[in-house]
Amino acid sequence: MVVQAMQDIIIEKPYRFQTPYQSTLAPYLFQRFRLVDRFLRHYEGICSHEVRGIEHLKESLRRQAGIVLAPNHCRYSDPLAMAWVLRPAGVYPYAMASWHLFHHSFAQSQLIRLCGGFSVNREAVDRQALDMAVSGLVEGQRPLILFPEGTVFRSNDRLQPFLDGVAFIARTAARRRAKQGKSSTVIHPVAIKYLFQGDVIQTITPVVEEMEHRFAWYLPTCRARTMVERVSRLTDAYLVTKEIEHCGSVAQGNSQERRLQLIEQLLRPLEKQWLKNSPKETTLVPRIKALRLLMMPLLLSDQTPPREKQQIRLDLSRIYTAQQIGSYPEGYLDSPVTNTRLLETVEQLEEDIWGKARVHKPLHAILQVGPAIEVTDQRPAKESVDPLMEQLETRIREMLVELSSQAQVVA
C-alpha cells in the first residue's frame, strides 16, 4: 500500500468541503458482503480480528446518547478497521477525514463519502467540518469517529499527545443536546492493537537486507548481528543521512539526543520566522500544525510570488522531515522487544526510505471499546490540562498496555 508522501498530503488547491452521503445502502452492502475484510486482508495484511467491549457501545446506543468513538491511530487501516466495531452494534458511522485523502482518486473520494466520511481542512479552522461533526452528534443517528492523535504514527504501543478538537466537538454537542432535552453525549475510548502472527524474522529479513545494501553494507558481519541490532543500526543510519542532509555533519550524543537536536534545528528557525515569539506548543505534532496553519494560506494564495511559494515548499519539506524523525520513539526497541515493535520499525523505515511499506501478513487486529466517558459542557480553565482529554488518553493508554502484553517477544 503506497504511503502518503509529503507531496500527496500538501494539496495546492482551494479547499472544498466534502459532505458524507446519507444513504446507508453502501455501508450496508460493504458490511453484508465483508468487503472491508477483503480489502484489509489484501492491502493491509489483516487476516483476522476480534472486538472486545462492544457491550459498552451497545449500552450508549440503547440510551440514545450522542456517541464519539475515539481510537488511537497507528496504521492507515484504522478507519476501515473501525467497521468491525460497528458491525455487531448494527450502526453506521460518520468519520472526519483529512482533505488530502479525497484527492488520491475519484473512486477513493466517493468511497469515503459513501462510508460516512467528510473532509476536514487541517490547515485552517474548518467550520464546515466542525458544524458537520457537531450536528451529527446532536442528531445522534450515527456514532462519530474522531482520531485524537490527528495523524498516523506506526508505534502502536505509544500514544502521541492528543489534540483538543475531540473535546471541543463533544462539549459543543453536549451543550446543544442538553438545550434540546436530549440524552447525554459520551466518548468511548477505543484501543486498536495489531499483533503479527507469523515468523517476523523470516518476514523482515529480505527487507532488512535490501536496506543494508542500500547503505552499501555488504560484510558478513552485518548479517551476523541479531535482527534487533540490525534494525537499530538502520534507524541510526537513516538519522545520519538526515543529519548530513540538513546540518552537514553528524551531531554528538546518543540516537535519541541527536533526534531531538535535529528536530529543533529543523523547526526552531521556522518558528522564529513564522511565529515570531516562542511557540506555545512543546510537543511535535502541535508545533507542526501551528507552522502549517500559517504557511498553507500563503502557499495557496494567488498573490504569493512563485519564488516565495518555492521557499514555503522547502520549509514544508523540513517540517515533514521533522515528523519523520519523530516517528522513532525513544526505547522502542529496548529489551524485551516484541515482534510487532520490530515489524513496525521496519515498516517505518520502508516508508521513510522508499516512500511505501510492503504488506506483511498475517496481522490480527484487536479493537477494544472502553466504557463511556460522560461529556459535560464545562470548559477547562485556560492554560490548564483538559480533564476530558486527559481521561481519554489515560483510558486508551491503559488498554494498550494490557493489549501489548499479548505480543510475542523476539528471542
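If you want our numbering, it's the position in the sequence shown, counting the first as 1, plus 17.
A virtual CB, placed ideally from N, CA and C, is assigned to each residue, including glycine.
Below 8 Å, enough C-beta pairs join the stretch 90 to 97 and the stretch 170 to 184 to call them touching: three or more. Checking the DSSP bridge columns, you'll see Val-207 partnered with Pro-88, Val-386. When only Cα atoms are considered, Val-392 and Gly-153 end up about 16 Å apart. In the DSSP assignment, Glu-67 is bridged to Ile-383. According to the DSSP assignment, Phe-170 belongs to no alpha helix (DSSP H), since it is labelled neither H nor E.
Residues Pro-44 of the same chain have their beta carbon placed closer than 6 Å to that of Cys-132, with the five preceding and five following residues left out of the count. Taking all protein chains in view, the Cβ of Tyr-235 is surrounded by fewer than 16 other Cβ atoms within 10 Å, so the residue is classified as exposed. For the stretch 193 to 237, the continuous alpha helix (DSSP H) assignments of 4+ residues that do not extend past its boundaries occur at 217 to 231, in sequence order. Looking at the backbone, the Cα of Phe-34 and that of Ser-421 are separated by about 38 Å. Note on geometry: alpha-carbon atoms of Pro-303 and Leu-333 lie some 15 Å from one another.
One thing to note: Val-224 has its Cβ no nearer than 9 Å to the Cβ of Val-427.
Contact between Phe-135 and Thr-36 holds: CB atoms are separated by about 6 Å, below the 8 Å threshold. Setting aside the 5 residues that flank it on each side, Leu-316 is surrounded in the same chain by Ile-27, Glu-29, Lys-326, Ile-329, Arg-330, Leu-333, each with a C-beta closer than 8 Å to its C-beta; the list follows chain order. The residues Leu-212, Thr-355, Asn-356, Thr-357, in chain order, have a CB closer than 7 Å to that of Ala-424 in the same chain once the five nearest residues on each side in sequence are set aside. Under the DSSP assignment, Tyr-111 falls outside any alpha helix (DSSP H), being part of the beta strand (DSSP E) whose first and last residues are 111 to 115. Under the DSSP assignment, Phe-135 falls in the beta strand (DSSP E) whose first and last residues are 134 to 137.
Less than 9 Å divides the Cβ of Leu-279 from the Cβ of Ala-339. Sorting Thr-411, Arg-285, Glu-367 by C-alpha distance to the C-alpha of Ala-307 places Arg-285 at the top. Of Arg-192, Ser-318, Leu-310, Ile-383, the smallest CA-CA separation from Ala-208 is found for Ile-383. Residue environment analysis places Lys-210 among the buried positions, since at least 16 neighbouring C-beta atoms fall within 10 angstroms of its C-beta.
Under the DSSP definition of a beta bridge, Lys-399 lacks any partner. Of the residues assessed, Ala-82 falls on the buried side of the cut-off, its CB having 16 or more other CB atoms within 10 angstroms. Contact check for Leu-256 against Arg-335 fails: the beta carbons are separated by 9 Å or more.
Rounded to whole angstroms, Phe-119 and Val-137 show a C-alpha spacing of 10 Å.
DSSP places Thr-36 outside any alpha helix (DSSP H), giving it a letter other than H or E. Close CB contacts of Arg-192 within its chain, under the 8 Å cut and outside five residues either way in sequence, are with Asp-394 (chain order).
Per DSSP, the continuous alpha helix (DSSP H) segment holding Glu-367 begins and ends at 356 to 371. Using a 10 angstroms sphere on the CB of Ser-401, the tally of other CB atoms stays under 16, which defines it as exposed.
DSSP lists Leu-86, Ala-112 as the bridge partner or partners of Ile-162. Counting only the Cα atoms, Gly-215 lies some 27 Å from Gln-341. Beta-bridge analysis with DSSP links Val-426 to Thr-355.
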